[in-house]
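**Q** Quick one: the structure is below, and I'll ask about it shortly.
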Ligand SMILES: Cc1cc2nc3c(=O)[nH]c(=O)nc-3n(C[C@H](O)[C@H](O)[C@H](O)COP(=O)(O)OP(=O)(O)OC[C@H]3O[C@@H](n4cnc5c(N)ncnc54)[C@H](O)[C@@H]3O)c2cc1C
Ligand code: FES
Ligand code: FES
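Numbering (our numbering), first residue to last: 2 to 478.
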């Protein structure tokens, strides 16, 4: 069944919108159409958290709460979900425990950022019973406050540790689940004055739509695509969302291989990969913010082919493969062959990334570091990734890649060649880093100068060496 009407819950009532504008953001809808103006607009590009809202999504019989940035989310993605706004938290005259904590600990001054912080705390509180520093820092990494200072807000967050969450959302949980099941989405096909939005539920329907609209833009998390509308003021004529296709949201593993489906969120992937490649997890923890990782995907990161895409140098050194669904069959590309030039990939019209495969190579030593101006929610100036195999003090494998050093994320082939079959020693590494100018001629830009990038790239490789040699981590931030 196909529908031109999206349905979502607000205050446990079903809202329906027939043929909504696919380029309209949720933020504009709630502020301009619903006249619920508690949610604020700061940057309009996912960077400040003023617009944070929470979506309740059904996962089997459980509701998972996700904080997202309403300013960079298109309205049709509300389909089948529970929308929770700052106005929904209080229950009659009594405030939600999260709001009470913000007041008790003086977490607000001018109040502009407060609804966003409160919504981030709300989803943290709903998803976690016991709360520690790490959970608080992660929950608040996408919210900026320029007057209160963070200490009182962090104190408010910590006060929620083990606090009973018997709020109206819990009391009405069964009703919400019933309603969410009732509005569980069908295939969506929207046509709003020529602007189209498709959200098929199966891969075969996706293929049919892509065949008919090969120029359509594929939407995963929208953390890159939406900026075409919100930042660059363009109109996107046809959007095909992958998010309703359950068969693309998976993580499979066997002894030798991990496979991650295209729509798996970065947050889900971050938690999964920790056991296999700790540094991959640590880099993902610093990727954008929780709001970004709740919706953004690795497939989206790869498809942008951005020279500063954080997952790309890591996947390059891990020898990962990209599985592309072609018109007729699936094709597999290595990372080195997939990226052609600046933001250009081997992906053809009508094709999409189906999954990413990462081999598990037990004896390898994997290290990765991100250098950015801020620790959280910032784009890399340089991202370095290193994968070594060392046997009897001899380097038998060296895979070295950097982001931020050229127009595409690239392996450092001259350095690798110098290191392979060398002794694992300070001398070998100091000689090898001297070849950095052979591998890269980075640009100067607002994030970093070419000189800085070259120096950092060398030092990151040396850091990897010293960490491996001394079997300990050297903190840089
Ligand atoms: C505030 C903010 C912070 C950010 N921080 C970081 C950061 O720290 N590190 C970093 O690397 N990036 C960062 N980004 C960039 C962005 O998050 C990434 O590019 C992201 O991975 C895109 O994934 P997505 O799922 O949101 O893709 P989308 O925005 O949905 O799509 C991006 C592009 O990929 C295409 N695409 C998506 N999925 C597929 C698919 N399965 N097959 C084929 N094409 C597809 C789309 O058509 C589009 O062209 C940030 C962005 C914002 C707004
Ligand atoms: S308005 Fe700044 S993140 Fe949305
Ligand atoms: S209270 Fe003013 S910006 Fe946070």
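The beta carbon of each residue, even a glycine, is placed where N, CA and C say it ideally should be.
Using 7 Å as the threshold, is the C-beta distance between residue 416 and residue 440 below it?
**A** Here residue 416 is taken as the residue at index 415 of the chain shown, counted from 1. Here residue 440 is taken as the residue at index 439 of the chain shown, counted from 1. Going by C-beta atoms, residue 416 is nearer than 7 Å to residue 440.
**Q** Excluding five sequence neighbours on each side, which residues of the same chain lie with their C-beta closer than 6 Å to the C-beta of residue 27?
**A** Translated into positions along the chain shown, residue 27 becomes position 26. Here the set comprises 71, 74, 76.
**Q** When the distance is taken between beta carbons, is residue 250 closer than 7 Å to residue 231?
**A** Walking along the chain shown from the start, residue 231 turns up at place 230. Walking along the chain shown from the start, residue 250 turns up at place 249. Taking 7 Å as the Cβ cut-off, residue 231 and residue 250 do not qualify as a contacting pair.
**Q** Let me know the alpha helix (DSSP H) ranges lying completely inside the region 228 to 258, each 4 residues or longer, listed in chain order.
**A** With a minimum length of 4 residues, the continuous alpha helix (DSSP H) runs that stay inside the region 228 to 258 are 228 to 231.
**Q** Exposed or buried, residue 55, counting other C-beta atoms within 10 Å across all chains shown (16 or more means buried)?
**A** In the chain shown, counting from the first residue as 1, residue 55 sits at position 54. Buried.
**Q** Which value, in whole angstroms, describes the spacing of the CA atoms of residue 239 and residue 198?
**A** Stepping through the chain shown from its first residue, residue 239 is reached at position 238. Stepping through the chain shown from its first residue, residue 198 is reached at position 197. Cα-Cα distance, rounded: 6 Å.
**Q** What do you reckon, is the C-beta of residue 225 under 6 Å from a heavy atom of ligand 1?
**A** By 1-based counting over the chain shown, the position of residue 225 is 224. Yes, since a heavy atom of ligand 1 falls inside the 6 Å radius drawn around the Cβ of residue 225.
**Q** Please go through the same chain and pick out, in chain order, the residues whose beta-carbon is closer than 6 Å to the beta-carbon of residue 466, but skip the five residues on each side of it.
**A** Mapped onto the chain shown, residue 466 falls at position 465. Here the set comprises 430.
**Q** Out of 109, 450, 394, which has the shortest C-alpha to C-alpha gap to residue 423?
**A** The count along the chain shown starts at 1 and reaches residue 423 at position 422. Of the candidates 109, 450, 394, the one whose C-alpha sits nearest the C-alpha of residue 423 is 394.
**Q** Using 7 Å as the threshold, is the C-beta distance between residue 121 and residue 145 below it?
**A** Taking the chain shown and counting its residues from 1, one reaches residue 121 at position 120. Taking the chain shown and counting its residues from 1, one reaches residue 145 at position 144. Not closer than 7 Å, so no.
**Q** Quick check on residue 165: buried or exposed, where buried means 16 or more other Cβ atoms within 10 Å of its Cβ?
**A** Here residue 165 refers to the residue found at position 164 when the chain shown is read from its first residue. Its Cβ having fewer than 16 others within 10 Å, residue 165 is exposed.
**Q** Nearest-angstrom Cα distance between residue 223 and residue 296?
**A** Numbered from its first residue, the chain shown carries residue 223 at position 222. Numbered from its first residue, the chain shown carries residue 296 at position 295. For residue 223 and residue 296, the distance between alpha carbons rounds to 8 Å.
**Q** From residue 329 to residue 181, what does the alpha carbon distance come to, in whole angstroms?
**A** Translated into positions along the chain shown, residue 329 becomes position 328. Translated into positions along the chain shown, residue 181 becomes position 180. If you take the alpha carbons of residue 329 and residue 181, they lie about 35 Å apart.
**Q** Between which two residues does the alpha helix (DSSP H) containing residue 322 stretch?
**A** Sequence index remark: in the chain shown, residue 322 carries index 321 (1-based). From DSSP, residue 322 is part of no alpha helix (DSSP H) but of the beta strand (DSSP E) over 322 to 326.
**Q** Taking contact to mean at least 3 C-beta pairs separated by less than 8 Å, is the region 251 to 259 in contact with the region 285 to 304?
**A** Judged by Cβ distances under 8 Å, the region 251 to 259 makes no contact with the region 285 to 304, as fewer than three pairs qualify.
**Q** Tell me whether residue 111 counts as near ligand 3, meaning its Cβ is closer than 6 Å to at least one heavy atom of that ligand.
**A** Looking up residue 111 in the chain shown gives position 110. Yes; taking the cut-off as 6 Å, the Cβ of residue 111 has a heavy atom of ligand 3 nearer than that.
**Q** For residue 188, list the residues DSSP reports as bridge partners.
**A** Counting from one through the chain shown, the residue named residue 188 turns up at place 187. BP columns for residue 188 point to 3.
**Q** For a test of your reading of the model: does the CB of residue 384 fall under 6 Å from any non-hydrogen atom of ligand 2? Yes or no.
**A** As a first step, residue 384 must be located in the chain shown, where it is residue number 383. Result no, Cβ not under 6 Å from ligand 2.
**Q** Compute the beta-carbon to beta-carbon distance between residue 123 and residue 86, rounded to the nearest angstrom, for a pair I have assumed lies under 8 Å.
**A** Along the chain shown, read from residue 1 onward, the residue named residue 123 stands at position 122. Along the chain shown, read from residue 1 onward, the residue named residue 86 stands at position 85. Not quite, the Cβ-Cβ distance comes to about 10 Å (not below 8 Å), so this is no contact.
**Q** Please state whether the Cβ-Cβ distance between residue 305 and residue 402 is less than 7 Å.
**A** Locating residue 305 in the chain shown gives position 304, where the first residue counts as 1. Locating residue 402 in the chain shown gives position 401, where the first residue counts as 1. Going by C-beta atoms, residue 305 is not nearer than 7 Å to residue 402.
**Q** Would you mind sorting residue 104 into buried or exposed? The rule is 16 or more other CB atoms within 10 Å of its CB.
**A** As a working mapping, residue 104 is identified with position 103 in the chain shown. Label assigned to residue 104: exposed.
**Q** Just to confirm the assignment: which complete alpha helix (DSSP H) runs, minimum length 4, are found wholly within the region 332 to 412?
**A** The region 332 to 412 contains these whole alpha helix (DSSP H) runs: 336 to 339.
**Q** My parser needs the alpha helix (DSSP H) runs of 4 or more residues fully inside the region 254 to 293; what are they?
**A** The region 254 to 293 contains these whole alpha helix (DSSP H) runs: 267 to 274, 279 to 286.
**Q** From 342, 351, 167, 106, pick the residue whose C-alpha is nearest to that of residue 325; which is it?
**A** By one-based count along the chain shown, residue 325 stands at place 324. Looking at the Cα atoms, 351 is the closest of the given residues.
**Q** With a 10 Å radius around its C-beta and 16 neighbouring C-beta atoms as the bar for buried, classify residue 280 as buried or exposed.
**A** Your numbering for residue 280 matches position 279 in the chain shown. Buried.
**Q** Taking 8 Å as the cut-off, does the region 203 to 210 touch the region 92 to 106 (at least 3 CB pairs, one atom from each stretch)?
**A** Too few Cβ pairs lie closer than 8 Å, so no.
**Q** So, helix, strand or coil for residue 214, using DSSP?
**A** Here residue 214 corresponds to residue number 213 of the chain shown, with the count starting at 1. Coil, per DSSP.
**Q** Under a criterion of Cβ closer than 6 Å to any non-hydrogen atom of ligand 2, which residues qualify, in chain order?
**A** Going by the Cβ distance cut-off, the answer is 42, 43, 44, 45, 47, 48, 49, 50, 51, 52, 70, 72.
**Q** Where DSSP assigns a beta bridge to residue 160, which residues make up the other side?
**A** By one-based count along the chain shown, residue 160 stands at place 159. Beta-bridge pairing links residue 160 to no other residue.
**Q** What is the DSSP secondary structure of residue 65, counted as helix, strand or coil?
**A** As a position in the chain shown, residue 65 is number 64, starting the count at 1. DSSP places residue 65 in strand when its eight states are reduced to three.
**Q** When the Cα atoms are used, what is the spatial distance from residue 388 to residue 399?
**A** Here the question's residue 388 lines up with position 387 in the chain shown. Here the question's residue 399 lines up with position 398 in the chain shown. Taking the straight line joining both Cα atoms gives about 6 Å.
**Q** Tell me whether residue 147, by its Cβ, gets closer than 6 Å to a heavy atom of ligand 3.
**A** In the chain shown, counting from the first residue as 1, residue 147 sits at position 146. Yes, Cβ of residue 147 sits closer than 6 Å to a heavy atom of ligand 3.
**Q** Let me know the secondary structure DSSP gives residue 115 once reduced to three states.
**A** For the purposes of this step, residue 115 is identified with residue 114 of the chain shown, where counting begins at 1. Residue 115 falls in the helix class under three-state DSSP.
**Q** Determine the burial state of residue 167: buried for a count of at least 16 other Cβ atoms within 10 Å of its Cβ, exposed for fewer.
**A** On the chain shown, residue 167 is found 166 positions in, with the first residue counted as 1. Exposed is the call here.
**Q** Do residue 273 and residue 299 come within 7 Å of each other at the CB atom, strictly closer than that value?
**A** Indexing the chain shown from 1 puts residue 299 at position 298. Indexing the chain shown from 1 puts residue 273 at position 272. It is not a contact, given that the beta carbons lie outside the stated cut-off.
**Q** Can you give me the start and stop residues for the beta strand (DSSP E) that residue 56 sits inside?
**A** Residue 56 sits at position 55 when you count from the first residue of the chain shown. 53 to 60 is the span of the beta strand (DSSP E), which, as asked, contains residue 56.
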